[in-house]
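S.K.: In our numbering, the protein residues as written are 187 to 464. Following this message is one structure expressed as structure tokens.
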Amino acid sequence: MSENQNLLAEQRRALILDEVRRRGGVRVNELTRRLNVSDMTVRRDLDALARQGVVEKVHGGAVPVVEASTHEPGFEAKSALELTAKEDIARAAAAMAVPGSAIALSGGTTTFALAQHLLEVPDLTVVTNSVRVADVFHAATRTSGASGMRPGAAMVVLTGGVRTPSDSLVGPVADQAIATLHFDVLFLGVHGISVEAGLSTPNLAEAETNRRFVQSARRVVVVADHTKWGTVGLSSFATLEQVDTFVTDAGLSAAAREEITEHLPGLVVAGRGADGGA
Numbered sequence: 187m188s189e190n191q192n193l194l195a196e197q198r199r200a201l202i203l204d205e206v207r208r209r210g211g212v213r214v215n216e217l218t219r220r221l222n223v224s225d226m227t228v229r230r231d232l233d234a235l236a237r238q239g240v241v242e243k244v245h246g247g248a249v250p251v252v253e254a255s256t257h258e259p260g261f262e263a264k265s266a267l268e269l270t271a272k273e274d275i276a277r278a279a280a281a282m283a284v285p286g287s288a289i290a291l292s293g294g295t296t297t298f299a300l301a302q303h304l305l306e307v308p309d310l311t312v313v314t315n316s317v318r319v320a321d322v323f324h325a326a327t328r329t330s331g332a333s334g335m336r337p338g339a340a341m342v343v344l345t346g347g348v349r350t351p352s353d354s355l356v357g358p359v360a361d362q363a364i365a366t367l368h369f370d371v372l373f374l375g376v377h378g379i380s381v382e383a384g385l386s387t388p389n390l391a392e393a394e395t396n397r398r399f400v401q402s403a404r405r406v407v408v409v410a411d412h413t414k415w416g417t418v419g420l421s422s423f424a425t426l427e428q429v430d431t432f433v434t435d436a437g438l439s440a441a442a443r444e445e446i447t448e449h450l451p452g453l454v455v456a457g458r459g460a461d462g463g464a
């Protein structure tokens with residue numbers, strides 16, 4: 187980790203969380219030296235991460251929380267994590283959207299970041315089961331002025347369904363709506379991705395809805411930061427063979443990159459350090 191007193195709190199906490207997960211634990215005095223900040227600042231950061239449920243404070247430091255396969259964090263908790271990585275991923279994935287195409291966006295904080303970049307792609311038809319994603323496009327329409335929708339604004343279809351902690355709509359209503367549609371590209375956020383389990387989620391109903399998304403798409407693009415690799419949720423809904431491209435960030439290790447390229451036709455590593463190992 188670089189030593190920089192001017193890091194924003196969210197950036198500093200993302201660095202701390204990555205260090206905790208990578209090493210299996212950190213000590214406060216190590217973090218103060220590496221980040222060049224005070225002991226009190228580090229302890230506040232650890233308190234904030236503990237409140238989000240992603241680390242457990244122990245005497246003199248912190249260790250990662252071992253999540254059960256059924257644990258599903260809420261949207262707000264997830265939105266504070268890996269912010270830079272999500273922006274890098276969103277920017278790279280948005281370049282894959284062709285003007286005038288029909289695309290689908292699943293729920294999640296990475297697809298939420300992607301939606302904001304897709305506002306610049308004209309004439310999209312967007313199908314989503316994410317309340318947050320739909321709000322991004324609707325807010326852009328509301329700010330277009332008295333003349334109404336701006337030229338080239340996306341047409342958005344929000345599926346019905348039951349709302350999950352991550353603000354996704356799932357269940358039979360969503361499944362039936364998605365099953366009747368056909369997308370050029372699906373941009374899919376995931377809870378976990380691994381060779382053994384494929385794509386997985388802790389929510390059984392969301393697994394079925396995501397399965398319908400995958401079945402309705404001509405091309406499947408998974409958008410997920412490096413912390414999702416090796417994570418396994420309760421329910422698998424797709425195999426790696428069903429994924430065309432995996433867009434992730436430069437935090438992904440060289441070993442993981444090699445393993446992924448053995449099983450997936452397309453790997454895009456976005457952001458600084460994309461050409462090297464982590």
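Don't be surprised by glycine CBs; every beta carbon is placed ideally from N, CA and C. Note that the structure is a prediction, hence the values are computed from the model and not measured.
Whole angstroms are fine: how far does the CA of Ser224 sit from the CA of Ser422?
M.R.: Within the sequence shown, the letter at position 236 stands for residue 422. Within the sequence shown, the letter at position 38 stands for residue 224. Near 43 Å, if we compare the C-alpha coordinates of Ser224 and Ser422.
S.K.: Just to check, is the beta-carbon of Ile289 closer than 7 Å to a non-hydrogen atom of the ligand SAM?
M.R.: As far as ligands go, the structure on display features none, and thus does not contain the ligand SAM.
S.K.: From Val381 to Phe298, what does the alpha carbon distance come to, in whole angstroms?
M.R.: Walking along the sequence shown from the start, residue 381 turns up at place 195. Walking along the sequence shown from the start, residue 298 turns up at place 112. Whole-angstrom Cα-Cα distance: 26 Å.
S.K.: Excluding the 5 residues preceding and the 5 following Val249 in the sequence, name in chain order all residues of the same chain whose CB lies nearer than 6 Å to its CB.
M.R.: Within the sequence shown, the letter at position 63 stands for residue 249. Once the five neighbours on either side are set aside, the close Cβ partners of Val249 are Gly211 and Glu242.
S.K.: With distances taken from CA atoms, which of Leu194, Thr296 and Val408 is nearest Arg318?
M.R.: Along the sequence shown, one-based indexing puts residue 318 at 132. Among Leu194, Thr296 and Val408, the Cα nearest to that of Arg318 is on Thr296.
S.K.: Would you report the Cα separation of Arg199 and Arg208, rounded to the nearest angstrom?
M.R.: By 1-based counting over the sequence shown, the position of residue 199 is 13. By 1-based counting over the sequence shown, the position of residue 208 is 22. Approximately 14 Å between the Cα atoms of the pair.
S.K.: Looking only at its chain, what residues have a beta carbon closer than 7 Å to the beta carbon of Arg277, apart from the 5 residues adjacent to it on each side?
M.R.: Numbered from 1 along the sequence shown, position 91 holds the residue referred to as residue 277. Same-chain partners within the cutoff: His303 and Ala456.
S.K.: Report yes or no: do three or more beta-carbon pairs, one from the segment 436-443 and one from the segment 398-408, lie closer than 8 Å?
M.R.: No contact exists between the segment 436-443 and the segment 398-408.
S.K.: Nearest CA to the CA of Val342: which residue from Val348, Thr350, Pro351 and Phe369?
M.R.: Taking the sequence shown and counting its residues from 1, the one referred to as residue 342 is at position 156. Closest by alpha carbon: Phe369.
S.K.: In three-state terms, what does DSSP make of Thr270?
M.R.: Here residue 270 refers to the residue found at position 84 when the sequence shown is read from its first residue. In this structure, Thr270 counts as helix in the three-state DSSP scheme.
S.K.: Assuming Asn315 and Gly347 make a contact with CB atoms under 8 Å, what is their CB distance in whole Å?
M.R.: Taking the sequence shown and counting its residues from 1, one reaches residue 315 at position 129. Taking the sequence shown and counting its residues from 1, one reaches residue 347 at position 161. Yes, Asn315 and Gly347 are in contact; Cβ-Cβ is about 6 Å, under 8 Å.
S.K.: Suppose you measure from the CA of Ile379 to the CA of Leu203; what does that come to, to the nearest Å?
M.R.: Stepping through the sequence shown from its first residue, residue 379 is reached at position 193. Stepping through the sequence shown from its first residue, residue 203 is reached at position 17. Going from the Cα of Ile379 to the Cα of Leu203 covers about 19 Å.
S.K.: The beta strand (DSSP E) that contains Met341, what's its start and end?
M.R.: Residue 341 sits at position 155 when you count from the first residue of the sequence shown. From DSSP, the beta strand (DSSP E) with Met341 extends over Met341 to Leu344.
S.K.: Can you round the beta-carbon distance between Val407 and Val433 to whole angstroms, since I take them to be within the 8 Å contact cut?
M.R.: For the purposes of this step, residue 407 is taken as residue 221 along the sequence shown, with counting starting at 1. For the purposes of this step, residue 433 is taken as residue 247 along the sequence shown, with counting starting at 1. Right, the Cβ-Cβ distance comes to about 6 Å (below 8 Å), so this counts as a contact.
S.K.: By the 10 Å Cβ neighbour count, where 16 or more other Cβ atoms means buried, how is Thr425 classified, buried or exposed?
M.R.: Here the question's residue 425 lines up with position 239 in the sequence shown. By the 10 Å Cβ count, Thr425 comes out exposed.
S.K.: Please report the residue range of the alpha helix (DSSP H) in which Ala360 lies.
M.R.: Locating residue 360 in the sequence shown gives position 174, where the first residue counts as 1. From DSSP, the alpha helix (DSSP H) with Ala360 extends over Pro358 to Ala365.
S.K.: What is the rounded straight-line gap between the Cα of Leu450 and the Cα of His245?
M.R.: In the sequence shown, residue 450 corresponds to position 264, counting from 1. In the sequence shown, residue 245 corresponds to position 59, counting from 1. Whole-angstrom Cα-Cα distance: 42 Å.
S.K.: CB-CB under 6 Å to Ala311, same chain, minus the five flanking residues each way: which ones, in chain order?
M.R.: Locating residue 311 in the sequence shown gives position 125, counting from the first residue. In the sequence on display, residue 311 carries Thr and not Ala. Correct list, in chain order: Ala288 and Met341.
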